[in-house]
Amino acid sequence: MPSETIGLYAQRGVIQDSVHGFIPINEAEYYLLQTPFFRRLHNIKQLGMSFLVFPSARHSRLEHSLGVMHLMWQLGRRVVEELAADQRLCQETLEDCDDKHFNTFIQVARLVGMLHDVGHLAYSHMSEEAIKDIAHFSDSRSKALFDELTLYSGSDALKVHEAYGVAFSESLARLAEGSDFPALKSTIEAAVASLRRGAQGSEREALNELGLRDNAILLLHDMISNEIADADRLDYLQRDAQATGIVYGNIDVARLLAGIKLQASSEGRPVLTLDIKSLQTLEDVFDARYKMYRSVYFHHKTISLAKSVTRFLRLVSTLDLSWLGIYGNQTLQEAIRPTALSNAIMNDDYYFDDPELDLIVRGFASGSVKDDESRVIRRWALSMLDRRDLLPLSLIKRSEEVTMIADSVLRSNGRAPTGKLVSELIDMLHSHVEYLEETMKSKLKVDDMKLDAFESYVISSDRLNEGNINVFNWNESMYLRALIEQGSMPVILLYAYSDDESSHLKLRQRANELRSVAREKIGEIMREGLKELRA
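Position 51 of the sequence shown, counting from 1, maps to 1493 under the numbering used here, and the rest follow consecutively.
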């Protein structure tokens, strides 16, 4: 067996990965991979139900986690080289600048990569919106869910998978305490502190034990999440492109890593920098990011599937699921409280992974229809199986359609369609969805129709400017400036649906008419909005 030390522990072996080739793992990491918290990641697809749009996209969260661990290892070694070459920055980061502390930093970096997505639930991001909604229901069980998510999130913003990740990592730390690997518990706690950018409770003791200063935690956080070229983004862009068959994820990671350096921030702490020689590779990162979001993550059918998942989970979360024989007498909203789910996973009772949610969906899809509520639940369950005609109907399939409407409105009113004006007109739509729904129902003489909108962006220029990685002047690349400006524009998709199956199928029969009226009404809203902008 290999005798090389990786981080703080002896190498156990290698894992063959489709993106990075051989990924070496050490004894302690192998131990963690055998725990139920990591085993369950085999059964959680990275892109949720997107395989119904991109059939080959069945890769798992475990693959991604291992890939990010590998990139954090490579990035960590670059950072250690920089620290070793700059005594002042090193002393700001570590208690001592020796091999022991360098290896400790690298080990924590690897665990940050391993743990960053350990909290994902069934269907990955597709279930998160529903869980946020369920936590806001007005009953005591939802309050318990909300309180725990708030506790583990560190705020009421409810970053769902991050909250579960903290809860699961606490259980992993308890397991590690009883293991044969010295300092594993402390390195897990240091990794969690890095992920949430600050130490809490026993994590402070762990940092002191490991000899890591607060600046090390901030630096590790920037390595995993920096809005520009972090380990998480560098893996998923490549992995998702490969799995979906999209050709936009080809990034020269080695060249990018070679350009990483450290410098002192205005506060004196070490921050990541990227040299000018990495310009073309960075352009590739942003190009891949823009095109993958447009082509895959914001694909209109992918969002439609996510909305079906949200609708279904909202409806079943408070129901009796004892017939499943998995959750006992608990409702779903009780079973998925972070502490309850963490204990269940630890004991191999249940996992709330893709196979479990598949079982719930199939149970309601095949169950007898007893009342109106059951009929509605069955209708949404079927939409997640093989009834594509029951998915929310895409009225706006591509956000470019909305951009073109805004462009036309501005030109017809003698205004130049600048990026700022177009963005402001698009932004207005989200607050007018109810008005749009009512005017469309009146125009089409349809009573049983609801509208739902999706709004996001590919790149947040504000978050980009607030990031903790210093890069050469953006003006060095007109291409980057154009990508960032385009990626910062709001993305709006619009959907129509009915909770009644027959009514929904009638809407689908009028799909072209609905889309035509939607575009007409969007234009009217924008023309009125333009008057307000002039005022």
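No residue lacks a Cβ here, since even glycine has one placed at the ideal position from N, Cα and C. These numbers come from a predicted model, not from an experiment.
| Asked | Found |
| --- | --- |
| Heavy atom of the ligand SAM within 7 Å of H1742 beta-carbon | Among the ligands in the structure shown, none appear at all, so the ligand SAM cannot be discussed. |
| First through last residue of the beta strand (DSSP E) which encompasses P1624 | That residue, P1624, is in no beta strand (DSSP E); it is neither H nor E in DSSP. |
| Beta carbon of M1734 nearer than 8 Å to that of I1688 | yes |
| Residue burial classification, D1538 (beta-carbon count within 10 angstroms, cutoff 16) | exposed |
| Touch test, the segment 1768 to 1787 against the segment 1923 to 1940, Cβ-Cβ under 8 Å, three pairs minimum | no |
| Cβ pair R1929, V1900 closer than 8 Å | Here the sequence assigns Gly to residue 1929, which means Arg is not the residue at that position. Cβ atoms of G1929 and V1900: closer than 8 Å. |
| Beta-carbon proximity list for I1702, same chain, < 7 Å, skipping 5 on both sides | L1517, R1520, L1714, L1716 |
| Limits of the alpha helix (DSSP H) - the one that I1745 falls within | 1742 to 1758 |
| Helix, strand or coil at N1468 according to DSSP, with G and I counted as helix | strand |
| Beta-carbon proximity list for G1455, same chain, < 6 Å, skipping 5 on both sides | none |
| Unbroken stretches of the beta strand (DSSP E), 3 residues or longer, contained in the segment 1449 to 1512 | 1451 to 1459, 1463 to 1468 |
| Cα-Cα separation, F1794 to I1934 | 31 Å |
| Beta-carbon gap between W1515 and A1551 smaller than 8 Å | yes |
| Residue from A1499, I1548, V1634 whose Cα sits closest to the Cα of L1513 | I1548 |
| A1615 beta carbon less than 8 Å from that of K1627 | yes |
| Status (buried if at least 16 other CB within 10 Å, exposed otherwise) for P1797 | exposed |
| For M1891 and A1748, believed in contact at Cβ under 8 Å, the rounded distance | Rounded, the Cβ-Cβ distance is 20 Å, inconsistent with contact. |
| Inter-residue Cα distance where the pair is L1450 and A1625 | 9 Å |
| Distance CB(V1758)-CB(F1806) smaller than 8 Å | yes |
| Paired residues, beta bridge with T1447 - DSSP | A1452 |
| Contacting residues, own chain, Cβ-Cβ under 8 Å from K1585 (five flanking each side not counted) | none |
| Rounded separation between Q1476 and H1484 - CA only | 11 Å |
| M1870 beta carbon less than 8 Å from that of G1971 | yes |
| Segment contact flag, the segment 1488 to 1501 with the segment 1528 to 1547, C-beta cutoff 8 Å, min 3 pairs | no |
| Buried versus exposed, by CB contacts within 10 Å (16 or more), D1559 | buried |
| Under the three-state DSSP convention, the category V1560 falls into | coil |
| 4-residue-minimum alpha helix (DSSP H) runs that sit fully inside the segment 1595 to 1664, ordered along the chain | 1602 to 1619, 1626 to 1637, 1644 to 1652 |
| Beta-carbon proximity of R1779 to L1587, cut-off 8 Å | yes |
| Within 8 Å, strictly: CB atoms of A1671 and L1704 | no |
| Where P1444 falls, given that 16 or more other Cβ within 10 Å makes a residue buried | Note that P1444 scores a pLDDT of 48, beneath 50, so its modelled location is shaky; the value from the coordinates is reported in the next line. Exposed: under 16 other Cβ atoms inside 10 Å. |
| Nearest-angstrom Cβ-Cβ length linking F1740 and S1566, presumed shorter than 8 Å | At roughly 15 Å, the Cβ-Cβ gap does not stay under 8 Å, so F1740 and S1566 are not in contact. |
| Contact under 8 Å by Cβ, V1461 with R1681 | yes |
| Of the residues R1503, M1931, H1946, the one placed nearest I1868, counting alpha carbons only | M1931 |
| Identified DSSP bridge partners for K1892 | Y1939 |
| N-terminal and C-terminal residue of the beta strand (DSSP E) that A1978 is part of | As shown, the chain starts at 1443 and ends at 1977. That puts residue 1978 outside it, with no answer to give. |
| Minimum C-alpha distance to T1686 - residue among S1737, N1650, A1696, N1668 | S1737 |
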